[in-house]
Amino acid sequence: MLDFRLTPCLKPGDWNNDKIFVFSTDKSGGLYPCFFFGQKIAVEVKSFLGASDVTEFHTALGQFLNYRSALRLTEPERDLYLAVPEDVYDEFFRRRFIQRIIIEYQLKILIFNPEKEEILQWRD
């Protein structure tokens, strides 16, 4: 387990909301850049609280691809991660088809524990 608290780049209490934490010059809008061991990153946090994990995944994937394209234009040195709760990763993201999509679209995944607000794993 990585001993890294998310609070430097994610606001506490936002874990159960679909807040997007992609870098923006407008810091008052709730969008923040993140740095992890000197690496510039951006994190899209998804809770998957909707009725359908498949629908939530489709939405998250579309947003992720759009944000990544925007970051490549504005900040190509910043890597984008999709952050998902540990239980969602274990129950949904381990499915064979979802794993194929992750590989095909080269998604970087951050798995976190929402109760402890800890990053458990980085999947590049």
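Numbering-wise (the working numbering), the sequence shown opens with residue 1 and increments by one.
Quick reminder that beta carbons are idealized off the backbone N, C-alpha and C, glycines included.
Residue i: first and last residue of the uninterrupted beta strand (DSSP E) it sits in
i	result
Phe112	Ile109 to Asn113
Glu118	Glu118 to Arg123
Gln39	Gln39 to Val45
For residue j and residue i, the rounded distance between their alpha carbons
i	j	result
Glu44	Ala83	6 Å
Ile111	Val88	9 Å
Val22	Pro85	In this prediction, Val22 has a pLDDT of 36, which is less than 50 and means its spatial position is unreliable; what the coordinates show is noted afterwards. Going by the C-alpha atoms only, they are around 18 Å apart.
Glu77	Ala60	22 Å
Leu73	Arg94	31 Å
Asp90	Pro114	14 Å
Gln39	Ala51	35 Å
Glu56	Glu75	27 Å
Ile101	His58	11 Å
Glu92	Phe48	Note that residue 92 is Phe in the sequence shown, not Glu. Roughly 10 Å separates the two Cα atoms.
Same chain, Cβ closer than 8 Å to residue i, neighbours up to 5 away in sequence not counted
i	result
Leu80	Val22, Ile41, Ala42, Val43, Glu44, Phe64, Tyr67, Arg68, Leu71 and Lys108
Lys27	With a pLDDT of 32 at Lys27, under the threshold of 50, the predicted position of this residue should be treated as unreliable, and no value is reported.
Member of the options whose CA lies at the smallest distance from the CA of residue i
i	options	result
Glu104	Lys46, Glu77 and Asp124	Asp124
Asp53	Ile98, Glu75 and Ile119	Ile98
Opening and closing residue of the alpha helix (DSSP H) in which residue i lies
i	result
Asp90	Where Asp90 is concerned, there is no enclosing alpha helix (DSSP H), given that its DSSP letter is neither H nor E.
Gln63	Asp53 to Thr74
Per DSSP, cross-strand counterpart(s) of residue i
i	result
Tyr105	According to DSSP, Tyr105 bridges with nothing at all.
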